[in-house]
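Participant: Here it is, the structure in full.
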Amino acid sequence: MKKRLLLCIWIMTGVIAGCSSEKSHTNKVNIDKVEIVAPNVQGAGWDLTARAMQKTLTEEKIFTKPITVTNKVGGSGDVGWKYTKQKGGHVLAINSSLLITNNLLGHSKLTYKDFTPLATLASDWEVVVVSKESNIENAKQLMEQLKQDKKNFKIGVAPGLGNDDHLSFVQVSKAFGINPAELQFFVYENKEKIINALTNKQISAATMTLSEAEKQYKAGKIKILAVSAPKRLDRLPEIPTWKEQGINVIFQHWKGIMGPKDMTEEEVAYWDGVIKKMVESDSWKGILRERGWESFYKDSGESRGFLEESSGWYGGMVKFSN
Numbered sequence: 000m001k002k003r004l005l006l007c008i009w010i011m012t013g014v015i016a017g018c019s020s021e022k023s024h025t026n027k028v029n030i031d032k033v034e035i036v037a038p039n040v041q042g043a044g045w046d047l048t049a050r051a052m053q054k055t056l057t058e059e060k061i062f063t064k065p066i067t068v069t070n071k072v073g074g075s076g077d078v079g080w081k082y083t084k085q086k087g088g089h090v091l092a093i094n095s096s097l098l099i100t101n102n103l104l105g106h107s108k109l110t111y112k113d114f115t116p117l118a119t120l121a122s123d124w125e126v127v128v129v130s131k132e133s134n135i136e137n138a139k140q141l142m143e144q145l146k147q148d149k150k151n152f153k154i155g156v157a158p159g160l161g162n163d164d165h166l167s168f169v170q171v172s173k174a175f176g177i178n179p180a181e182l183q184f185f186v187y188e189n190k191e192k193i194i195n196a197l198t199n200k201q202i203s204a205a206t207m208t209l210s211e212a213e214k215q216y217k218a219g220k221i222k223i224l225a226v227s228a229p230k231r232l233d234r235l236p237e238i239p240t241w242k243e244q245g246i247n248v249i250f251q252h253w254k255g256i257m258g259p260k261d262m263t264e265e266e267v268a269y270w271d272g273v274i275k276k277m278v279e280s281d282s283w284k285g286i287l288r289e290r291g292w293e294s295f296y297k298d299s300g301e302s303r304g305f306l307e308e309s310s311g312w313y314g315g316m317v318k319f320s321n
């Protein structure tokens, strides 16, 4: 009887200790508000991603404390990322390939290693567009004109060289036998300014994500000549792929979320849990459908490996563009 009593006491002590340990682990993370930095203007891809997170976390009651989205514009993301780097674990920032390529191009001293990757969230497809009044009707015709008149054929890109909009077209040009270093890229602050430049015939074509182009396309302001997906998309089945027009290019544009470099293991584990719930929620899936984004979720550990792998790939692409 005495042995049984001692055994029960030992088991209960272990259970209580385990509960205390779990509570102690949770208490190490005390986040009473969140700031999500979108390093571009409202309505741009990074901003839309930040606000999608804000909406989902709030609606699904995954994070019940205040969430703000802050737009820090400039330096092709660099201004917002520098701001995030100096903050604590309650300040997160949206990222994309520019986090890698800004450094590769010598535009920034920051690298992905200066931050804590928390997740890769979603992806979009790249498109090339021309104004509605353009005499160019398809992607092959565009590339033929470009090949014959590289010096005068101006291509718009935003918010900076080295992003996926730019590099997707670099890859297309290379596949078509054009030296990307000879192309005339003109950099604009945002997509609205690119559309204005197209309308005013300041540029001949532009490269951007499908989600950024879709509204202008449906309003009849631009023509979308090709999408970088492996097959035509259900929501815009009339838009052909590069591949079916004889240019074997598939290019996916990704967006992720990160925090400052010195985040604790507990903070990373906390955000892993929060973001996993978010991407599995109905609200998030609804936003992906609405925006035409693809789910591209990777947790913190997987995202770190993805950034390391992507750094090598983008390094090769940047060499082709110079």
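For the sequence shown, the positions run 0 to 321 when numbering that gives the first Met the number 0 is used.
Where is the CB? At the ideal position from N, CA and C, for every residue including glycine.
As the structure is a computational prediction, the values presented were derived from the model and not from experiment.
Relative to the alpha-carbon of Lys60, which residue among Ser280, Leu197 and Asp148 has its alpha-carbon at the smallest distance?
Facilitator: Working through the sequence shown from its first residue, we reach residue 60 at position 61. The option with the nearest alpha carbon to Lys60 is Ser280.
Participant: Using DSSP with H/G/I as helix, E/B as strand and the rest coil, what is Asn101?
Facilitator: The residue labelled residue 101 in the question sits at position 102 within the sequence shown. Three-state DSSP puts Asn101 in a helix.
Participant: On the DSSP letters alone, give me the boundaries of the alpha helix (DSSP H) that His106 sits inside.
Facilitator: Within the sequence shown, residue 106 is the residue found at index 107, counting from 1. Looking at the DSSP string, His106 is not in any alpha helix (DSSP H), and its letter there is neither H nor E.
Participant: Specify, as a first and last residue, the run of the beta strand (DSSP E) that Leu91 falls within.
Facilitator: For the purposes of this step, residue 91 is taken as the residue at position 92 of the sequence shown. Val90 to Asn94 is the extent of the beta strand (DSSP E) around Leu91.
Participant: Short check: CB of Val36 to CB of Leu91, under 8 angstroms?
Facilitator: The count along the sequence shown starts at 1 and reaches residue 36 at position 37. The count along the sequence shown starts at 1 and reaches residue 91 at position 92. For Val36 and Leu91, yes; Cβs fall inside 8 angstroms.
Participant: Is there contact between the stretch 102-116 and the stretch 252-261, where contact requires at least three CB pairs shorter than 8 angstroms?
Facilitator: These segments touch.
Participant: Report buried or exposed for Asn199, applying the criterion of at least 16 other Cβ atoms within 10 angstroms of its Cβ.
Facilitator: To locate residue 199, count along the sequence shown from 1; it is residue 200. Flag for Asn199 reads exposed.
Participant: Measure the Cβ-Cβ separation of Asn162 and Thr100 and say whether it is below 8 angstroms.
Facilitator: Translated into positions along the sequence shown, residue 162 becomes position 163. Translated into positions along the sequence shown, residue 100 becomes position 101. Cβ distance < 8 angstroms, so Asn162 and Thr100 count as in contact.
Participant: Please name the residue in Thr57, Gln251 and Arg50 whose C-alpha comes closest to that of Asp164.
Facilitator: Counting from one through the sequence shown, the residue named residue 164 turns up at place 165. Out of Thr57, Gln251 and Arg50, Gln251 has the C-alpha closest to the C-alpha of Asp164.
Participant: For a quick check, are the C-beta atoms of Leu47 and Met277 less than 8 angstroms apart?
Facilitator: As a first step, residue 47 must be located in the sequence shown, where it is residue number 48. As a first step, residue 277 must be located in the sequence shown, where it is residue number 278. Not in contact: Leu47 and Met277 (Cβ atoms no closer than 8 angstroms).
Participant: Across the stretch 218-228 and the stretch 126-142, are there enough close Cβ pairs to call them in contact, namely three or more that are closer than 8 angstroms?
Facilitator: Output reads yes: the stretch 126-142 touches the stretch 218-228.
Participant: Can you tell which of Val78, Lys139 and Leu235 has the C-alpha that lies nearest to the C-alpha of Gly159?
Facilitator: Position 160 of the sequence shown, counted from the start, is the residue given in the question as residue 159. Nearest C-alpha to Gly159: Val78.
Participant: Which complete beta strand (DSSP E) runs does the stretch 174-214 hold, if anything under 3 residues is left out?
Facilitator: DSSP runs (the beta strand (DSSP E)) wholly in the stretch 174-214: 183-186 and 204-208.
Participant: Quick one, which of Gln41, Lys71, Ile246 and Asp298 has its alpha-carbon nearest Lys173's?
Facilitator: Within the sequence shown, the letter at position 174 stands for residue 173. Nearest C-alpha to Lys173: Ile246.
Participant: Quick check: Ser282 and Lys108, are their CB atoms within less than 8 angstroms of each other?
Facilitator: Residue 282 sits at position 283 when you count from the first residue of the sequence shown. Residue 108 sits at position 109 when you count from the first residue of the sequence shown. Cβ distance not < 8 angstroms, so Ser282 and Lys108 don't count as in contact.
Participant: Expressed to the nearest angstrom, what Euclidean distance is found between the alpha-carbon atoms of Ala118 and Glu301?
Facilitator: As a working note, residue 118 is residue 119 in the sequence shown. As a working note, residue 301 is residue 302 in the sequence shown. Distance between the alpha carbons of Ala118 and Glu301 is about 8 angstroms.
Participant: Taking 8 angstroms as the threshold, find out whether the stretch 265-274 comes into contact with the stretch 297-312 through three or more Cβ pairs.
Facilitator: A contact exists between the stretch 265-274 and the stretch 297-312.
Participant: Please confirm whether Lys230 and Glu181 have their CB atoms less than 8 angstroms apart.
Facilitator: Against the sequence shown, residue 230 aligns to sequence position 231. Against the sequence shown, residue 181 aligns to sequence position 182. No; because the gap between Cβ atoms is not below 8 angstroms, this pair is not in contact.
Participant: What runs of the beta strand (DSSP E), each 3 residues or longer, lie entirely inside the stretch 231-311?
Facilitator: Taking only runs of at least 3 residues, the beta strand (DSSP E) segments lying wholly in the stretch 231-311 are 251-259 and 293-297.
Participant: Rounded to a whole number of angstroms, what is the C-alpha to C-alpha distance between Lys64 and Phe175?
Facilitator: Counting from one through the sequence shown, the residue named residue 64 turns up at place 65. Counting from one through the sequence shown, the residue named residue 175 turns up at place 176. Their Cα atoms are separated by approximately 51 angstroms.
Participant: Using a 10 Å radius around the Cβ and a threshold of 16 neighbouring Cβ atoms, would you call Lys254 buried or exposed?
Facilitator: Within the sequence shown, the letter at position 255 stands for residue 254. When all chains shown are included, Lys254 counts as buried.
Participant: Could you check what DSSP says for Gly42 in three-state terms: helix, strand or coil?
Facilitator: In the sequence shown, residue 42 corresponds to position 43, counting from 1. Reduced to three states, the DSSP call for Gly42 is coil.
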